[in-house]
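Visitor: Have a look at the structure that comes next, please.
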Amino acid sequence: MQLPKSLLLTCLYTSVLGAPVAEPAAVQIQKRSTLAAPWDEGAVREFPIHKSCNATERRQLQRGLDDTVTLAKHAKDHVLRYGNDSAIYRKYFGNAPSAHVVGNFERIVAGDKADVLFRCDDPDGNCKLPAWGGHWRGENATGETVICELSFTTRLYLEQFCTRGYNVANSPLNTYFGIDLIHRLFHIPAIGENAVEHFADTYEDILELGAHNGTFATRDSNSLQYFAAEVYGYDIAVPGVGCAGEPASKTSTTSAVPTMAPTTEPSATKSTQQSASATLDIPPVGPVPFVNAWSKAAF
């Protein structure tokens, strides 16, 4: 029997509505990590100190390195503020562009320190040499610097800056641990990049280099150290006064403008019979009596 069309449609409609609704397939959502590794992952921010340094040596060396960063940062900040309009800048670097000076100090402050190591165990046997406060190991280990006992018994810290008769022009560069370590860091390729050299030795020669060849002065190790010392003294230690001093002799011992090639220095070698680094050009700090004892002849 044929069903009426209306009844057939009703039955179809009812069957469709009454049919169970198929459940949607489970959707697997994989959560992806959106955290990428930091762009500078693995960077070494602090200067590594070798296990050969005992607890007291480590504390003193760390304090000296903290002073080094403080000095370098302030020297950089002074240049960023005043550029080569600074009278102290012009004294040491003439009218040379300031980018090299800023960069050299910034590498000490913020450069990666993975390839730098300070140690106290004297593996090359050079600490027994008279008047050696430390040395860069050179070809034995280009990233390593040895700090000898003399440094721990004679160096001063920034709290003592501009005291005890100290002045920049006539006192040894390595009077303060922080300045001495600037010198040592510039020897290490990871910091000095084999660009910071020794182009002048005496204070008078440093001033001559700045006056006549500022481009070389901006990457002269001694010029950078003297500048860091003088701006720290003038800006921070004794604001507006400092302790620059006047050279004992205003007549340079050289008869010509400093050369373009680095001055000859002892090179880093493998034994105590051979010089381990360019350290002897800066005499050690002796006992710290009052003013007259700071003359260069006393060291």
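According to mature numbering (1 follows the signal peptide of the UniProt record, and there is no 0), the stretch in the sequence shown is residues -18 to -1, 1 to 281, in order.
Built from N, CA and C at the ideal position, the CB exists for glycine as well.
Note that this is a predicted model, so its numbers are computed, not measured.
1) Going by DSSP in three states, G46 sits in which element: helix, strand or coil?
2) Is it a yes or a no for the region 95 to 102 touching the region 117 to 130, going by three-plus beta-carbon pairs under 8 Å?
3) On the DSSP letters alone, give me the boundaries of the alpha helix (DSSP H) that F29 sits inside.
4) According to DSSP, what are the bridge partners of Y158?
5) So, for T235: in the same chain, excluding its five sequence neighbours on each side, which residues have a beta-carbon less than 8 Å away from its beta-carbon?
6) If you draw a straight line from the alpha carbon of E88 to that of G227, how long is it in whole angstroms?
7) What number of angstroms, rounded off, separates the C-alpha of K73 from the C-alpha of L17?
8) Tell me whether A238 is buried or exposed, calling it buried when 16 or more other Cβ atoms sit within 10 Å of its Cβ.
9) In whole angstroms, what is the alpha-carbon distance linking H32 and F134?
10) Could you work out which residue in D217, G196, Y158, E212 is closest to L43 when comparing CA atoms only?
11) Have a look at A37 and N149 and give me their C-alpha separation to the nearest angstrom.
12) Excluding the 5 residues preceding and the 5 following P112 in the sequence, name in chain order all residues of the same chain whose CB lies nearer than 6 Å to its CB.
13) According to DSSP, is I170 helix, strand or coil?
14) Taking the beta strand (DSSP E) that H180 belongs to, which residues open and close that run?
15) Let me know if N86 comes out buried or exposed under the rule of 16 or more other beta-carbons within 10 Å of its beta-carbon.
16) Could you tell me which of P30, S68, G224 sits nearest to Q142, measuring between CA atoms?
17) Could you compute how far the alpha carbon of N77 sits from the alpha carbon of A182?
18) In whole angstroms, what separates the C-alpha of A211 from that of P154?
19) If distances are taken between C-alpha atoms only, which option among G222, A177, H194 comes closest to R201?
20) Going straight from the alpha carbon of E179 to that of E28, what length do you get?
21) Check this for me: beta carbons of V213 and I90, under 8 Å apart or not?
22) Alpha carbon to alpha carbon, how far is V51 from L62?
23) Hey, how far is the Cα of R119 from the Cα of C109?
24) CA-CA distance, T136 and Q207?
25) For V128, which three-state DSSP category applies?
26) Does DSSP put G93 in a helix, in a strand, or in coil?
27) Can you have a look at D49 and say buried or exposed, based on whether 16 or more other CB atoms are within 10 angstroms of its CB?
Guide: This is what the structure holds:
1) Here residue 46 is taken as the residue at index 64 of the sequence shown, counted from 1. Note: G46 maps to helix in three-state DSSP.
2) yes
3) Indexing the sequence shown from 1 puts residue 29 at position 47. Element bounds for F29: n/a, residue is neither H nor E.
4) In the sequence shown, counting from the first residue as 1, residue 158 sits at position 176. Y158 pairs with L138.
5) Taking the first residue of the sequence shown as 1, we reach residue 235 at position 253. The predicted position of T235 is uncertain, since its pLDDT is 46 and thus under 50; no value can be drawn from it.
6) By 1-based counting over the sequence shown, the position of residue 88 is 106. By 1-based counting over the sequence shown, the position of residue 227 is 245. Cα to Cα, E88 sits roughly 27 Å from G227.
7) Counting from one through the sequence shown, the residue named residue 73 turns up at place 91. Counting from one through the sequence shown, the residue named residue 17 turns up at place 35. Each residue's alpha carbon lies about 50 Å from the other.
8) By 1-based counting over the sequence shown, the position of residue 238 is 256. With a pLDDT of only 43 at A238, under 50, the local geometry of the prediction cannot be trusted, and no value is derived from it.
9) The count along the sequence shown starts at 1 and reaches residue 32 at position 50. The count along the sequence shown starts at 1 and reaches residue 134 at position 152. One C-alpha to the other measures close to 16 Å.
10) The residue labelled residue 43 in the question sits at position 61 within the sequence shown. Nearest C-alpha to L43: Y158.
11) Translated into positions along the sequence shown, residue 37 becomes position 55. Translated into positions along the sequence shown, residue 149 becomes position 167. Taking the straight line joining both Cα atoms gives about 32 Å.
12) Residue mapping note: residue 112 aligns to position 130 of the sequence shown, counting from 1. Contacts found: none.
13) Reading the sequence shown from its first residue, position 188 is the one you call residue 170. Residue state, collapsed to three classes: coil.
14) Residue mapping note: residue 180 aligns to position 198 of the sequence shown, counting from 1. In the DSSP assignment, H180 falls outside any beta strand (DSSP E) and carries neither an H nor an E.
15) For the purposes of this step, residue 86 is taken as the residue at position 104 of the sequence shown. By the 10 Å Cβ count, N86 comes out buried.
16) As a position in the sequence shown, residue 142 is number 160, starting the count at 1. Considering only alpha carbons, the answer is G224.
17) Along the sequence shown, read from residue 1 onward, the residue named residue 77 stands at position 95. Along the sequence shown, read from residue 1 onward, the residue named residue 182 stands at position 200. Each residue's Cα considered, the two are about 18 Å apart.
18) Position 229 of the sequence shown, counting from 1, holds the residue named residue 211. Position 172 of the sequence shown, counting from 1, holds the residue named residue 154. In a straight line, the C-alpha of A211 is about 11 Å away from that of P154.
19) Position 219 of the sequence shown, counting from 1, holds the residue named residue 201. Ranking G222, A177, H194 by Cα distance to R201 puts A177 first.
20) Within the sequence shown, the letter at position 197 stands for residue 179. Within the sequence shown, the letter at position 46 stands for residue 28. Computed Cα separation, rounded: 24 Å.
21) Looking up residue 213 in the sequence shown gives position 231. Looking up residue 90 in the sequence shown gives position 108. Taking 8 Å as the cut-off, the beta carbon of V213 is found no closer than this to the beta carbon of I90.
22) As a first step, residue 51 is located in the sequence shown; it is residue number 69 there, counting from the start. As a first step, residue 62 is located in the sequence shown; it is residue number 80 there, counting from the start. Distance between the alpha carbons of V51 and L62 is about 16 Å.
23) Here residue 119 refers to the residue found at position 137 of the sequence shown. Here residue 109 refers to the residue found at position 127 of the sequence shown. R119 and C109: Cα-Cα distance of roughly 12 Å.
24) In the sequence shown, counting from the first residue as 1, residue 136 sits at position 154. In the sequence shown, counting from the first residue as 1, residue 207 sits at position 225. Using only the alpha carbons, I get a separation of about 18 Å.
25) Start at 1 with the first residue of the sequence shown, and residue 128 comes out as number 146. Strand at V128.
26) If you number the sequence shown from 1, residue 93 lands on position 111. Look at G93 here: in three-state DSSP terms it is coil, with no helix or strand label.
27) As a working note, residue 49 is residue 67 in the sequence shown. Burial call: buried.
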